[in-house]
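Student: Dropping the structure in here first, questions after.
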Amino acid sequence: MYFEDFYIDQTIRFGEYLVTEDEIVDFASKYDPQYFHLDNEKAKQSLFGGLCASGWHSAAMFMRMLVDSMPAEHGSLGSPGVEKIKWLKPVYPGYVLSVKGVIKDCRLSKSKPGVGVVSAFYEIVNQHDETVMSVESNAFFRCKK
195 MYFEDFYIDQ
205 TIRFGEYLVT
215 EDEIVDFASK
225 YDPQYFHLDN
235 EKAKQSLFGG
245 LCASGWHSAA
255 MFMRMLVDSM
265 PAEHGSLGSP
275 GVEKIKWLKP
285 VYPGYVLSVK
295 GVIKDCRLSK
305 SKPGVGVVSA
315 FYEIVNQHDE
325 TVMSVESNAF
335 FRCKK
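Numbering (the working numbering), first residue to last: 195 to 339.
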């Protein structure tokens, strides 16, 4: 996918990521060691009612699905950053996550010749089609020409 392959209001759907208890605990033990991400029994007493993934872990799972959805040959050049990220519902072990996205804007870079900027809004949903996280971000893509 290159800059010219995107257009405003384009919808995309990709990913299938099974969230496991072991992965939740492993990620949390390294990066977000709060009890509701580490201990199933203690987590039952939390606002979440059980063990759940860190929001940062959810963001990492989204990124994995995004990269996996790219074809072998693509023009992705990275991202200047995320505009907004919202964690809307807990992500529990056993959830199967996927992504729904819509392209919001496409424009050529003023400072980088041959590069376009693609703005997108993504919803990360569970197997019940409930949005658990949303992301607004920009990405750089190489132009074909």
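C-beta: ideal position from N, C-alpha, C; glycine also.
For clarity, every value in this text was computed on a predicted model and none was experimentally measured.
1. Which residues mark the beginning and the end of the alpha helix (DSSP H) in which Gly-249 is found?
2. Which term fits Leu-291, buried or exposed, when burial requires 16 or more other beta carbons within 10 angstroms of its beta carbon?
3. Tell me whether the segment 280-299 and the segment 320-335 touch, counting them as touching only if at least three CB pairs, one residue from each stretch, are closer than 8 Å.
4. Buried or exposed: which applies to Ala-333, given that a residue is buried once 16 or more other Cβ atoms fall within 10 Å of its Cβ?
5. From Ser-240 to Lys-224, what does the alpha carbon distance come to, in whole angstroms?
6. So, for Pro-274: in the same chain, excluding its five sequence neighbours on each side, which residues have a beta-carbon less than 6 Å away from its beta-carbon?
7. Rounded to the nearest angstrom, what separates Ala-247 and Ile-218 at their Cα positions?
8. Across which residues does DSSP place Glu-317 in a beta bridge pair?
9. Return the chain-ordered list of same chain residues with a C-beta closer than 6 Å to the C-beta of His-251, the five sequence neighbours on each side being excluded.
Tutor: Taking the geometry as given:
1. Taking the sequence shown and counting its residues from 1, the one referred to as residue 249 is at position 55. Element bounds for Gly-249: 249-262.
2. The residue labelled residue 291 in the question sits at position 97 within the sequence shown. Leu-291 should be labelled buried.
3. yes
4. Within the sequence shown, the letter at position 139 stands for residue 333. Ala-333 comes out buried.
5. For this step, residue 240 is matched to residue 46 along the sequence shown. For this step, residue 224 is matched to residue 30 along the sequence shown. For Ser-240 and Lys-224, the distance between alpha carbons rounds to 20 Å.
6. For the purposes of this step, residue 274 is taken as the residue at position 80 of the sequence shown. Closer than 6 Å at Cβ, skipping near neighbours: Asn-332.
7. Along the sequence shown, one-based indexing puts residue 247 at 53. Along the sequence shown, one-based indexing puts residue 218 at 24. Taking the straight line joining both Cα atoms gives about 5 Å.
8. Residue 317 sits at position 123 when you count from the first residue of the sequence shown. Looking at the DSSP assignment, Glu-317 forms a beta bridge with Lys-294, Ser-328.
9. Position 57 of the sequence shown, counting from 1, holds the residue named residue 251. Answer for His-251: Phe-221, listed in chain order.
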